[in-house]
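Numbering (the numbering used here), first residue to last: 7 to 288.
Here is the structure we will look at.
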Ligand SMILES: [Zn+2]
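This is the structure:
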């Protein structure tokens, strides 16, 4: 009588194990499938000039300012390395880079948010902040000078953030490159560029009305203090960068006013990098 019972026990145990394995498989399988399915990714912009921007460019093309118009953005081509000793007005972009060893003269600003920048930039920015405060706006420096190695870290950190969306390395790099520069290609390494947000605002928050008011003030007035918005609205197809209202670069009041008076802030195709190149060839 013992043997048939043992056989039955074995059979029941086997059935129980099989049932447990089936349950485990059914529980694990959907999870595995979920992981392998990529979330919807926002499409990258089709690099092409939108019709309304094209219309503004065409208007400039008929004037003597046509030489300041920027060509359509490309990141395909040889990268030129700056040879300037003092690169304060160097036109850095995706094809023009600063040497890893380039470090400008720097001071630590006493402005809210702190950070390091060129001494003349600190003076001009202090005046710009005072003007904003007279309008009831309270700016703070979110980011100022970044060394080559700090920029390398910054860019890689954004790529890592993008990769949380389970996209490929190449896709993550392409997305990060729309708002962050690779090492050597950042205006922040010049010591003349600053990212500014309102005091108490979340950095780069484009929905906060306090940030919007501050950035609108800069777009109207920054040129009087020597600053321009490096990446204006509407011309990503030319600069390769999304609209960055928080990113100002110091180029001195004369050139800043000249650029402003040509309407660059309206996204008419005149961009900072080409303007600087044209001006410095003269
Ligand atoms: Zn910036």
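From the three backbone atoms N, C-alpha and C, an ideal C-beta is built for every residue, glycine too.
Selected residue, minimal CA-CA separation from residue i, among the options
| i | options | result |
| --- | --- | --- |
| residue 249 | 70, 235, 262 and 88 | 235 |
| residue 6 | 213, 172 and 151 | Summary: the structure shown does not reach residue 6, with the chain confined to residues 7 through 288, and so no result is reported for it. |
| residue 259 | 126, 174, 212 and 211 | 126 |
| residue 81 | 247, 111 and 285 | 247 |
| residue 206 | 172, 170 and 143 | 143 |
| residue 101 | 79, 116 and 113 | 79 |
| residue 116 | 108, 110, 132 and 91 | 132 |
| residue 224 | 137, 111 and 110 | 137 |
| residue 57 | 194, 243, 256 and 287 | 243 |
| residue 219 | 251, 14, 163 and 159 | 251 |
| residue 141 | 130, 90, 17 and 226 | 226 |
| residue 286 | 93, 139, 130 and 11 | 93 |
Counted within 10 angstroms of its Cβ, other Cβ atoms place residue i as buried (16 or more) or exposed
| i | result |
| --- | --- |
| residue 165 | buried |
| residue 84 | exposed |
| residue 221 | buried |
| residue 25 | exposed |
| residue 155 | exposed |
| residue 121 | buried |
| residue 195 | buried |
| residue 257 | buried |
| residue 20 | exposed |
| residue 178 | buried |
Beta-carbon proximity of residue i to residue j, cut-off 7 angstroms
| i | j | result |
| --- | --- | --- |
| residue 104 | residue 197 | no |
| residue 229 | residue 199 | no |
| residue 168 | residue 184 | no |
| residue 146 | residue 118 | yes |
| residue 279 | residue 64 | no |
| residue 188 | residue 204 | no |
| residue 193 | residue 124 | no |
| residue 148 | residue 201 | yes |
| residue 109 | residue 128 | no |
| residue 186 | residue 161 | yes |
Close-in-space but distant-in-sequence residues of the same chain around residue i (CB under 8 angstroms, 5 per side omitted)
| i | result |
| --- | --- |
| residue 276 | 66, 71, 74, 75, 76, 265, 268, 269 and 270 |
| residue 273 | 59, 62, 238, 239, 240 and 241 |
| residue 153 | 109 and 195 |
Same chain, Cβ closer than 6 angstroms to residue i, five either side skipped, listed in chain order
| i | result |
| --- | --- |
| residue 88 | 96 and 104 |
| residue 282 | 95 and 97 |
| residue 86 | 102 |
Cβ shell of residue i (< 7 angstroms), same chain only, five flanking positions each side left out
| i | result |
| --- | --- |
| residue 134 | 228, 231 and 233 |
| residue 35 | A caution first: residue 35 carries a pLDDT of 44, below 50, which makes its placement in the model unreliable, though a value can still be read off. Contacts found: none. |
| residue 158 | 189 |
For this session: Please go through the segment 173-233 and give each complete alpha helix (DSSP H) segment of 4 or more residues, from N-terminal end onward.
Result: 175-182 and 215-227
For this session: Entirely within the segment 100-175 and at least 3 residues each: give me those beta strand (DSSP E) ranges in chain order.
Result: 145-149
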